[in-house]
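Q: Numbering (this note's numbering), first residue to last: 23 to 391. We put the CB at the ideal spot given by N, CA and C, even for glycine. Just so it is clear, the structure is predicted and the values come from calculations on it, not from any experiment. Just dropping this structure here.
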């Protein structure tokens, strides 16, 4: 991304290549900014932790030994650092030092936007665009119609392999009632970026609150979700770049593939199990359900009637289920199919019942040789 506009001042140890020029109205920010309360709450939690650990450290220094007082002191300093970071993120400097990014309205009831940002954070300078879909309660100064351009400020967090793993867009209209300033900042964003947003061919409803890396076809101009392709034994399918895969070989040609979204708190998962024998699909389904119910997470599983469907180019049976564990509800689908003398079991699971959208990358690309 060319730095055609002024760069921002240093913010949380990084510097934006393009920032806004609006004058922040703090009263409007307190009224409209839907993320400010979250950052303030997080900052005070960290400050509370700092006070507790600092007091404990002093007590241990006095009553015990300096070695025992060092560990809580380190925790206290880390909590103080996080307090500083969250405090900055919740303040007005986020609007003057964050990255100016484009967003458009993609749904009006409720109001949802898709924002675009370059998430490359290494020294190569190579662009890697990603989008994020997010909901807002209000957009003052804007018409709430699909396609409306909304300039936003974005703060970035986490990084891996030279890329940010998340960004949080915040509309500029939350901090200014100057229509000319909003129009000026819309114009400061490269038209190419607005064009990329309009050409995304994915169903973006599958990406609520997640960032999705993008691939751009230089010949057709089409913009789509960045995916990798796995080909293992009889099976091949595509999966998003933000997912990971693991494979395990069994006896007599059997194997297992696990594909899940990266991150400890992710619930999106696909597993494929293949056995080198053609087993009755209904018997295999019953065996699979019984095995799953032995695990705590599936003990209260409720299943729906079995249906005849297709997966890829093959006939299959499908059993949908719902279960809950530790206060979290999970939705799942189990496909059983016989192909070329083997029996395949495919499990999809997520916290949302939105499989047609969220797992479309898999169902559209899944093939068995």
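Considering only the beta carbon of each residue, do residue 122 and residue 175 sit closer than 8 Å?
A: Numbered from 1 along the chain shown, position 100 holds the residue referred to as residue 122. Numbered from 1 along the chain shown, position 153 holds the residue referred to as residue 175. In contact: residue 122 and residue 175 (Cβ atoms closer than 8 Å).
Q: For residue 36, I'd like the list of residues in its chain whose CB is within less than 7 Å of its CB, leaving aside the five on either flank, ordered along the chain.
A: In the chain shown, residue 36 corresponds to position 14, counting from 1. Only weak support exists for where residue 36 lies, its pLDDT of 46 falling under 50; the coordinates are left without a value.
Q: CB-CB under 8 Å to residue 69, same chain, minus the five flanking residues each way: which ones, in chain order?
A: In the chain shown, the residue the question calls residue 69 occupies position 47. Within the same chain, residue 69 has close Cβ partners 101, 102 and 105.
Q: Where residue 265 and residue 251 are concerned, what is the direct C-alpha to C-alpha distance, given to the nearest angstrom?
A: Position 243 of the chain shown holds residue 265. Position 229 of the chain shown holds residue 251. Each residue's Cα considered, the two are about 11 Å apart.
Q: With DSSP collapsed to three states, give me the class of residue 95.
A: Residue 95 sits at position 73 when you count from the first residue of the chain shown. Three-state result, residue 95: helix.
Q: Taking the runs of the alpha helix (DSSP H) that are 4 residues or longer, which of them lie wholly in the stretch 166-226?
A: Counting whole runs of 4 or more residues, the stretch 166-226 contains the alpha helix (DSSP H) stretches 201-210 and 213-220.
Q: Within its chain, find whatever has a CB closer than 8 Å to the CB of residue 314; leave out the 5 residues flanking it on each side and keep chain order.
A: Residue 314 sits at position 292 when you count from the first residue of the chain shown. So the list reads 320 and 323, once near-sequence residues are dropped.
Q: Please state whether the Cβ-Cβ distance between residue 154 and residue 232 is less than 8 Å.
A: Along the chain shown, read from residue 1 onward, the residue named residue 154 stands at position 132. Along the chain shown, read from residue 1 onward, the residue named residue 232 stands at position 210. Yes, these two residues count as a Cβ contact at 8 Å.
Q: Does the beta carbon of residue 198 fall short of 7 Å from some heavy atom of the ligand GTP?
A: The ligand GTP is not part of this structure, which contains no ligands at all.
Q: Count the other CB atoms within 10 Å of the CB of residue 66; is the residue buried (16 or more) or exposed (fewer)?
A: One-based indexing of the chain shown puts residue 66 at position 44. Answer is exposed; the Cβ neighbour count stays below 16.
Q: Check for me: the beta strand (DSSP E) holding residue 346 runs from which residue to which?
A: If you number the chain shown from 1, residue 346 lands on position 324. Residues 336-347.
Q: For the alpha helix (DSSP H) holding residue 119, just list the boundary residues, first then last.
A: Against the chain shown, residue 119 aligns to sequence position 97. First-last of the alpha helix (DSSP H) with residue 119: 115-119.
Q: For residue 247, does the count of other Cβ atoms within 10 angstroms reach 16, so buried, or fall short, so exposed?
A: Counting from 1 along the chain shown, the entry for residue 247 is found at position 225. The residue in question, residue 247, is buried, as its Cβ has 16 or more Cβ neighbours within 10 Å.
Q: Between residue 390 and residue 156, what straight-line distance do the alpha-carbon atoms span, to the nearest angstrom?
A: Taking the chain shown and counting its residues from 1, the one referred to as residue 390 is at position 368. Taking the chain shown and counting its residues from 1, the one referred to as residue 156 is at position 134. In a straight line, the C-alpha of residue 390 is about 36 Å away from that of residue 156.
Q: Given a threshold of 16 other Cβ atoms within 10 Å of its Cβ, counted over all protein chains shown, does residue 119 qualify as buried or as exposed?
A: Locating residue 119 in the chain shown gives position 97, where the first residue counts as 1. It counts as buried.
Q: Given a threshold of 16 other Cβ atoms within 10 Å of its Cβ, counted over all protein chains shown, does residue 378 qualify as buried or as exposed?
A: Along the chain shown, one-based indexing puts residue 378 at 356. Exposed, by the Cβ-count rule.
Q: What residues match up with residue 238 in a beta bridge as DSSP calls it?
A: Taking the chain shown and counting its residues from 1, the one referred to as residue 238 is at position 216. DSSP, once it has assigned bridges, lists 245 as partnering residue 238.
Q: Please classify residue 364: does DSSP put it in a helix, a strand, or coil?
A: Locating residue 364 in the chain shown gives position 342, where the first residue counts as 1. Strand, per DSSP.
Q: Terminal residues of the continuous alpha helix (DSSP H) containing residue 308?
A: As a first step, residue 308 must be located in the chain shown, where it is residue number 286. Residue 308 -> alpha helix (DSSP H) spans 303-314.
Q: Apart from the five residues on each side of it in sequence, which residues of its chain come closer than 6 Å, Cβ to Cβ, to residue 24?
A: As a working note, residue 24 is residue 2 in the chain shown. Annotation note: pLDDT 35 at residue 24 (below 50); position unreliable, no value reported.
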